[in-house]
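Visitor: Numbering (the working numbering), first residue to last: 975 to 1125.
No residue lacks a Cβ here, since even glycine has one placed at the ideal position from N, Cα and C.
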């Protein structure tokens, strides 16, 4: 939970999906001030994932629409310098984790105004479906049955 203080530098949250985890920071940057994130300098209105610009990390147009949804919904496209660290999973799980994390971080910015908007679109709901573990004697998969001999 973000602490309310005079020296608040950023809002932080975590999003998860499948085995991916994303840590989001919404930095309160000014026009002339840059935030250093690894080797990169993040300016106001930019989003960096693991040290890369987000449009290089997620190159598809449909991906762009998805990760910008919470920001467009709350009119915060150019308000923050956003840094994201994401680990685990594949690209689809990482993207969903980022969207959830962004929605949770924006909720911390102004709960009364943004929560109803984000909740209505289903952006604050954690998708709890995860990979089912494989069982012993099942032929290598979670639900597969071993072939039985006919004779």
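#1: Out of 1082, 1012 and 1119, state which residue places its alpha-carbon closest to the alpha-carbon of residue 1111.
#2: Would you mind listing the alpha helix (DSSP H) stretches within the stretch 999-1043 that are 4+ residues and don't spill past its ends, in chain order?
#3: Assign residue 989 to one of three DSSP states: helix, strand, or coil.
#4: Could you check the C-alpha separation between residue 1116 and residue 1032 for me, to the nearest Å?
#5: Does residue 1059 come out as helix, strand or coil in the three-state DSSP assignment?
#6: Return yes when the Cβ of residue 1083 is within less than 8 Å of the Cβ of residue 985, no when it is not.
#7: Is residue 1064 buried or exposed, if buried means 16 or more other CB atoms sit within 10 Å of its CB?
#8: According to DSSP, is residue 966 part of a helix, a strand, or is it coil?
#9: Have a look at 1074, 1087 and 1058 and flag the residue whose alpha-carbon is nearest the alpha-carbon of residue 1022.
#10: On the three-state DSSP scale, how would you describe residue 1103?
#11: Across which residues does DSSP place residue 1071 in a beta bridge pair?
#12: Leaving out five residues before and five after residue 1073 in sequence, what residues of the same chain have Cβ atoms less than 8 Å from its Cβ?
#13: Using 8 Å as the threshold, is the C-beta distance between residue 1071 and residue 1014 below it?
#14: Find the nearest neighbour of residue 1025 within the set 1037, 1080, 1010 and 1038, judged by alpha-carbon distance.
#15: Report buried or exposed for residue 1077, applying the criterion of at least 16 other Cβ atoms within 10 angstroms of its Cβ.
#16: State the Cα-Cα distance for the pair residue 1124 and residue 1030, rounded to the nearest angstrom.
Guide: Result, derived from the coordinates:
#1: Within the chain shown, the letter at position 137 stands for residue 1111. Nearest C-alpha to residue 1111: 1119.
#2: 1028-1031
#3: By 1-based counting over the chain shown, the position of residue 989 is 15. Strand at residue 989.
#4: On the chain shown, residue 1116 is found 142 positions in, with the first residue counted as 1. On the chain shown, residue 1032 is found 58 positions in, with the first residue counted as 1. Taking the straight line from one Cα to the other gives about 30 Å.
#5: Residue numbering aside, residue 1059 sits at position 85 when the chain shown is read from its first letter. Three-state result, residue 1059: strand.
#6: Translated into positions along the chain shown, residue 985 becomes position 11. Translated into positions along the chain shown, residue 1083 becomes position 109. Yes, Cβ-Cβ distance for residue 985 and residue 1083 is below 8 Å.
#7: Sequence index remark: in the chain shown, residue 1064 carries index 90 (1-based). Flag for residue 1064 reads exposed.
#8: Residue 966 falls outside the range modelled here, since the chain spans only 975 to 1125, and no answer is possible.
#9: Start at 1 with the first residue of the chain shown, and residue 1022 comes out as number 48. The residue with the shortest Cα to Cα distance from residue 1022 is 1058.
#10: The residue given as residue 1103 occupies position 129 in the chain shown. Three-state result, residue 1103: coil.
#11: Your numbering for residue 1071 matches position 97 in the chain shown. In DSSP, residue 1071 forms no bridge with anything.
#12: Here the question's residue 1073 lines up with position 99 in the chain shown. Same-chain partners within the cutoff: 989, 1040, 1041, 1043, 1044 and 1097.
#13: On the chain shown, residue 1071 is found 97 positions in, with the first residue counted as 1. On the chain shown, residue 1014 is found 40 positions in, with the first residue counted as 1. Against a cut-off of 8 Å, the Cβ pair of residue 1014 and residue 1071 comes out as no contact.
#14: Counting from 1 along the chain shown, the entry for residue 1025 is found at position 51. The shortest C-alpha separation from residue 1025 is found at 1010.
#15: The residue you call residue 1077 lines up with position 103 of the chain shown. Answer is buried; the Cβ neighbour count reaches 16.
#16: To locate residue 1124, count along the chain shown from 1; it is residue 150. To locate residue 1030, count along the chain shown from 1; it is residue 56. Whole-angstrom Cα-Cα distance: 54 Å.
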